[in-house]
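Just so we're aligned, residue 1 is where the sequence shown starts under full-length UniProt numbering, counting upward by one. The block underneath contains the structure these notes are about, expressed in structure tokens.
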Amino acid sequence: QNLKANIFNILIEQLKKETNIEILKPIIKDYLNKQKKIEYNKIFGTYYLELLEIIKNEKNSLTVEEFNIKAV
């Protein structure tokens, strides 16, 4: 559990420049909960890259939703 909290905090620090921390927290928490085995050596490779992709997709879907709302 301590390992998960440490990794969560590291990922928040690494990804906070990508989007708002309040948006990041649930995304990272959900992502880490889905991992079968959490390992430090995957923080800056696998976890980081997969989370970047998730964040990018979230931003795109928000942009599309905002566009649709404005178009109506």
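Note that the Cβ used here is the ideal one computed from N, Cα and C, for glycine as well. These figures come from a predicted structure and were not determined experimentally.
Self-check item: Cα-Cα separation, I43 to N6
Solution: Taking the sequence shown and counting its residues from 1, the one referred to as residue 43 is at position 43. Taking the sequence shown and counting its residues from 1, the one referred to as residue 6 is at position 6. Rounded to whole angstroms, I43 to N6 spans 10 Å at the Cα level.
Self-check item: I55 versus L24: straight-line alpha-carbon distance, rounded
Solution: Translated into the one-based positions of the sequence shown, residue 55 becomes position 55. Translated into the one-based positions of the sequence shown, residue 24 becomes position 24. Their backbone Cα atoms lie some 8 Å apart in a straight line.
Quiz item: In angstroms, rounded to a whole number, what distance separates the CA positions of T19 and Y31?
Solution: Reading the sequence shown from its first residue, position 19 is the one you call residue 19. Reading the sequence shown from its first residue, position 31 is the one you call residue 31. The straight-line gap from Cα to Cα measures roughly 16 Å.
Quiz item: Using the rule of at least 16 other Cβ atoms within 10 Å of the residue's Cβ for burial, across every protein chain shown, is L52 buried or exposed?
Solution: As a first step, residue 52 must be located in the sequence shown, where it is residue number 52. So L52 counts as exposed.
Quiz item: How about Y47 and Q35: are their beta carbons less than 9 Å apart?
Solution: Counting from 1 along the sequence shown, the entry for residue 47 is found at position 47. Counting from 1 along the sequence shown, the entry for residue 35 is found at position 35. Yes, Cβ-Cβ distance for Y47 and Q35 is below 9 Å.
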